[in-house]
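Report on one structure; see the data block that follows.
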Amino acid sequence: MTTTSPVRLPARGSRLPWSLRLERRLAVPRWLPVATTAGAIIVALAISGLILWIAGGDPVAIFVHIIGSSFGSLGVLSDTLVKATPLILTGLACALAFRMRLWNIGAEGQFLMGAWGASAVVLIPIVPAGTPSIVTIPLMMVAAMAAGAVYGAIPGFLKAVRGVNEIIVTLMLNYVALFWLSYWVFGPWSEGGFQLSRPFPPEAWLPRLSDAAGAVPDFAGLTVHLGLAFGLVAAVIIRFFIFRSRRGYEIRLIGDSPKAARYAGIDVTRNTIVVFAISGALAGLAGMSEVAGVVHRLQQAISPGYGFTAIIVAYIAKLHPYGVIVASIAFGALILAGREIQPSGIPAMIQGIILFSLIASEVFLRYQIRLERREA
Amino acid sequence: MDLTIILAAGVASGTVLLFAAVGEIFSERAGVLNLGVEGMMLMGAVVAFGTAVATGDPWLGLLLGTLAGGLLSVLHAVITISFQAEQVVSGLALTFLGSGLARVIGEDLSKAGAISLLPKLTVPGLSMLPGFGPVFFTDQSVLVYFGFIVVPLAWYWIGRTRPGLHLRAIGESPTAADSLGVDVVRLRYAYVIIGGLFAGLAGATITLAVSPGWFGELTVNGQGWIAVALVIFAQWSPIRAAVGAYLFAAIRRMLIDIQGPDQLFGAPNPFYFNHTLTFFLEMVPYLLIIGVLVAVSGEAIRKRLGAPAALGVPYVRGERGH
Amino acid sequence: MSDPQADQGALAVEMRGIVKRFPGVVANNGVDFDLRAGEVHALLGENGAGKSTLMNVLAGLYRPDAGEVRLLGKPAEFRSPRDAIAAGLGMVHQHFALVPTQTVTENILLGLHQPRFRLDAGRYDDEIADLAGRHGLAVDPRARIWQLSVGEQQRVEILKMLYRGARILILDEPTAVLAPQEAADLFRTLRSMVADGASVVFISHKLGEVTQIADRVTVMRRGMVTAAGVPIAGTTTSGLARLMVGREILETIDRTSFAPGPVVLAMRDVEADGDRGLPALRGISLDVRTGEILGVAGVAGNGQSELAQVLTGLRRCSRGSVTVSGVEIGNRTPRDAIIQHVAHVPEDRTGVGTAPNLSVADNLIMKIYREAPVSTRWSIDMGAVRRFANRLREKYSIAAPSVDTQARLLSGGNLQRLILAREIASEPKLMVAVQPTRGLDVGAIGTVHRLLLDQRAAGAATILLSEDIDEVLALADRVAVMYEGRVVGLFDAADADVAEIGLLMTGGGASTAVVPVVVPGVA
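Residue numbers (the working numbering), protein chains in the order written: chain F, 17 to 392; chain V, 30 to 351; chain S, -9 to 513.
Have a look at this one:
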């Protein structure tokens, strides 16, 4: 028969005079996904506000504070973009993998490995001191992407060849990456026994807007660095890759129906590994951008959970590369402002509520919801 | 390195994993994957600890901590069962929310002093059993003994009772169950919430029995995820999950104890002399989980075992193909 | 239950003015239906006529938008199948509702209030074996569902209803999955039940079996009743057919004479395992030539699906060789089969044949997205994709608002047109068509048949796997019969005998003898 049978919310034994009736939507209007996303975020902020209010805080003040301290001036806007940069890259990493329904929860670990790979170029060192930026920086990028790609390909390989649950493997590898990083910053690369490496030489720093302050005085103090350009260019490339390339078509087909993809002669195994590797490379590049663009050294605490926030970013963006940019800026603001908010768990809580309300809102995309009077 | 101490510690801290894994088995057997175990455990841990600090009553803490886990799981149930949303993402959201909320609630708890813990018991008679006695029945928390009871009960419930028959049916073929009047939605709600209660209990077990105190996210430190992995390793059997939980916890304890002595197997202990090497030891449990999953996936392919057929699939009544 | 004699002739079920709407469709438009106690009442109609919907309303699965249901004279309102079963009314659906990993006994006990808590399987096994014996429904209560044949699974479904005390049994197209002999067994069971005072509604679109088993017949067309409760004795097959489709069924299909060319597909001694690791194909050797349709007849689950998968690279074979125009494709990848121009109309249109959430255009390029002009080395030319998709949409009359429409929004017939359009556009040398008309309405069936015959005329070799013997005989030049993974008979369609094929399908022939490869002479 048709796939349009009505379904009901659980209402057995309910005494309410109405029941909610869900009817499967045949077609989704173009504006609806945007509207539900916006609505979901508003609802999430309202719920978060309510919780803050119950906890004795002033939600309006907190939200105003978040907006003010992240978009209030050119300087803080620049800081917001700096926070958004790793999110764009890790968000793209997640969006790409999720398109194929590969649950790469390991962007965090791939980010760390990328940061490590980039650092290795100057700390081992692979290039002698004094090598110009034009050589050092591309080399760091390659090293970071390679480290991330290899680290991403491991769960990809296990998933493709042995059918091992990639969620668990990527999560476990996050812990492993953190210990790996800790070993290097506590051990071989430790500077004077502290848990951080020596600073990178300036040739390994990504150029910042403030570097051009001599020519454009307004750029003075702006921390935005070249990593943002990496993110924007990557978004353009990934968009083209997903929607205009042959492999992108394969990925979309596998994501929607692995059986149909196999039927179409597509090598699902190979694509699983490739997509995981690309995803890992993007997250790895984010790690490089962070050490070379922001902290200029390797240390244990280089990520406040970018790789996890990336999951939400990808979801808000509905897995669209350009949406990832917008969502990253919003979450960059939340992370930036969140550092000053007490208790420290509030940003994570708000992120969780936003994600929940987003996936809950998707019911509106699949169903039309009607309130109808219960028959006697 | 005393094997009895390691194994006894494994049984004690393995109880945390055991509760979480058994809860997840119930949820997954009903067809609902809940990746929010970590978040629910954190909620259970912080509420239990906070209650014990505030009231001085660990039993009340145990109760409220357990309920907190259950309460959080209701959210997952509504979103995945009624709204039919992607279970993976909802579970991740639950983890974010749970850990965020737990940190908000636990804001001042990290400075809290010692609390009175749940009592420890030594079972007369059984504790004298050679080998088993000192490991399982000597100076263990009451919760450890509760774990001994929960596992066979869960096994019996799932495999040998009418409600268990219904549980297995809604996870394997909800359409078949529904057509015979089994209320798939209601039962899935029930088992997801049971899973949440167990996760809350697991969290409470950490702060009230195994390692008291509140250390933010480090309190649970990924054990929720390990429990999810254990369920796969256990092939959805509570008994295998219990064995896995105890063994895993014992291995973790052993890796700590390895760092103690200056001599190891007659040679200088590298971990004793170079402390940074211990980071590699810390990787071992996580690598072990990956290794075990790889091994089990081979076994699953060979024996054609598998997850409940409807795991992760929302149930929509009356929807059929052409 | 009251004395069966007293119920004789009384109305067991009375449905009045049933209306059931789905978004965009009125499936039942004011339908009346009567069922007497102690009768087999056939509900006849084409696919999509509303038969199953009407019975789903009766069985409590759907709630009618208007109308009244009376059971034994009393108004009945079923909110769920459970209510209907409690009232003694059970339905066996086309898609069985069984839990594959559980035993027969566990499946039958599912949903009951007994046992109270502890499940003592042994005690119930005996009880169920006894019940099965009484109704001639041979099945082992301890077996797990996945181990059973489709026919046995159907018996479990019937047992499930009988164990619940059903006195009214609704069977939705029960013979679709059965061999003729199994169907005969089922009819015997049904006869013994009605003799016992029970009543049966028998949904079907096959005229022959309706006249064979039913006492009365109700015919439906497009959601309405065109003949209500007519005694079968006073009807003719052609009269029923007219009521069913509103016109005479044209049984003859125009086809050109059989002029086979060189061998395209050659299978030698092919063996392959099924999903559960048990042998599914046990030494298949077949040839198919250009301009030929080889029909493969058989009861579901005798290796036909696996055969199609081996031919299209979706399943590995453990032995033997499969060549297309001399190139080995056995044990290669689906891609290798596609390169050799093997087209595949799969059994599962929504799960395998299409990606439901991708657009019609994306679905149409599945087989050619690697080739010019649709793609260059790396990228896909969206303009070329749209031109290609629009061309196919018009040529094959795929009813979709645009090529950007998601495939899941297409009807079954349009989805099959999409699949056929795509497969034919790949210029097949070998066409593997599996159950190409299952579940389609008469118009769509005609289109599918015409397209397959066009391919034959164009010189493709076609292998048609179908459980519908009539379809196989109507389209095929030669017929192979499969039983338990072997080809147990190979005939020229012209001199094939339905009875003999039916016997072979159920292992009644020389089932162990492997029929040697018959290279057909020119007919």
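Ideal placement from N, C-alpha and C gives every residue a C-beta, glycine not left out. What you are looking at is a predicted structure, and each value in this text was computed from that prediction instead of being measured.
Per-residue DSSP class, three states only, for residue i
{"i": "M188 of chain F", "result": "helix"}
{"i": "M5 of chain S", "result": "strand"}
{"i": "N321 of chain S", "result": "coil"}
{"i": "M116 of chain F", "result": "coil"}
{"i": "G198 of chain S", "result": "helix"}
{"i": "V249 of chain F", "result": "helix"}
{"i": "M304 of chain F", "result": "helix"}
{"i": "G288 of chain V", "result": "The residue you asked about is not Gly; residue 288 of chain V is Gln in the sequence shown. Here Q288 of chain V sits in coil by DSSP."}
{"i": "G429 of chain S", "result": "coil"}
{"i": "V254 of chain S", "result": "strand"}
{"i": "L238 of chain F", "result": "coil"}
{"i": "V20 of chain S", "result": "Strictly speaking, residue 20 of chain S in this sequence is Gly, with Val absent from that position. Of the three classes helix, strand and coil, the one that applies to G20 of chain S here is strand, per DSSP."}
{"i": "R28 of chain F", "result": "Residue confidence is low: R28 of chain F scores 44 on pLDDT, short of 50, so the model does not pin down where it sits. Its coordinate-derived value is still stated next. Coil, per DSSP."}
{"i": "Q126 of chain F", "result": "helix"}
{"i": "Y383 of chain F", "result": "strand"}
{"i": "A287 of chain S", "result": "strand"}
{"i": "K175 of chain F", "result": "helix"}
{"i": "H334 of chain S", "result": "strand"}
{"i": "F324 of chain F", "result": "helix"}
{"i": "P75 of chain F", "result": "helix"}
Residue-chain proximity (residue i, chain S), Cβ-Cβ < 8 Å
{"i": "L108 of chain F", "result": "no"}
{"i": "G210 of chain V", "result": "yes"}
{"i": "A276 of chain F", "result": "yes"}
{"i": "T190 of chain V", "result": "yes"}
{"i": "S202 of chain V", "result": "yes"}
{"i": "L340 of chain V", "result": "no"}
{"i": "Y199 of chain F", "result": "no"}
Closest residue to residue i among the options (Cα-Cα distance)
{"i": "L121 of chain S", "options": "S:F107, S:L99, S:D205, S:L149", "result": "S:L149"}
{"i": "A262 of chain S", "options": "S:C307, S:L276, S:E96, S:T226", "result": "S:C307"}
{"i": "H31 of chain S", "options": "S:H125, S:V190, S:V3", "result": "S:V190"}
{"i": "E219 of chain F", "options": "F:G296, F:F256, F:V307", "result": "F:V307"}
{"i": "M234 of chain S", "options": "S:S311, S:E36, S:F378", "result": "S:E36"}
{"i": "M304 of chain F", "options": "F:A349, F:I184, F:A162, F:I57", "result": "F:A162"}
{"i": "D371 of chain S", "options": "F:I150, F:R178, F:S295, F:F256", "result": "F:F256"}
{"i": "V50 of chain F", "options": "F:A169, F:A250, F:K334", "result": "F:K334"}
{"i": "V103 of chain V", "options": "V:G127, V:T44, V:W265", "result": "V:G127"}
Below-8 Å beta-carbon distance, residue i vs any chain V residue
{"i": "G293 of chain S", "result": "no"}
{"i": "F224 of chain F", "result": "Reading off the sequence shown, one finds Arg at residue 224 of chain F, where the question assumed Phe. No - not a single Cβ of chain V is within 8 Å of the one on R224 of chain F."}
{"i": "Q92 of chain S", "result": "yes"}
{"i": "R72 of chain S", "result": "yes"}
{"i": "M360 of chain F", "result": "In the sequence under discussion, the amino acid at residue 360 of chain F is Ser, which differs from the Met named in the question. Taking Cβ atoms only, chain V reaches closer than 8 Å to S360 of chain F, which makes this a yes."}
{"i": "E356 of chain F", "result": "no"}
Below-8 Å beta-carbon distance, residue i vs any chain F residue
{"i": "I328 of chain S", "result": "yes"}
{"i": "S119 of chain V", "result": "yes"}
{"i": "R322 of chain S", "result": "no"}
{"i": "H31 of chain S", "result": "no"}
Residue i: CB within 7 Å of a non-hydrogen atom of the ligand MG
{"i": "S139 of chain V", "result": "In the structure shown, the ligand MG is absent, as is every other ligand, since no ligand is present at all."}
- Is the region 287 to 299 of chain F touching the region 99 to 112 of chain F in the sense that three or more CB pairs, one from each, lie closer than 8 Å? yes
- Return the chain-ordered ranges of every beta strand (DSSP E) run that is complete within the region 388 to 473 of chain S and spans a minimum of 3 residues. 420 to 424, 451 to 456, 468 to 473
- Message: Is it the case that the region 321 to 329 of chain F contacts the region 96 to 110 of chain F, given that we only count it when at least three CB pairs across the two stretches are under 8 Å?
- Response: yes
- Query: Is the region 109 to 123 of chain V touching the region 54 to 72 of chain V in the sense that three or more CB pairs, one from each, lie closer than 8 Å?
  - Reply: yes
- Message: Ignoring anything shorter than 4 residues, give me the alpha helix (DSSP H) runs that lie fully in the region 71 to 114 of chain S, in order along the chain.
- Response: 71 to 76, 94 to 99
- Query: Three or more beta-carbon pairs under 8 Å between the region 231 to 247 of chain V and the region 85 to 96 of chain V, yes or no?
  - Reply: yes
- Contact between the region 322 to 334 of chain S and the region 282 to 293 of chain S (3+ Cβ pairs under 8 Å): no
- Query: When the Cβ atoms of the region 316 to 330 of chain V are set against those of the region 179 to 193 of chain F, are three or more pairs found closer than 8 Å?
  - Reply: yes
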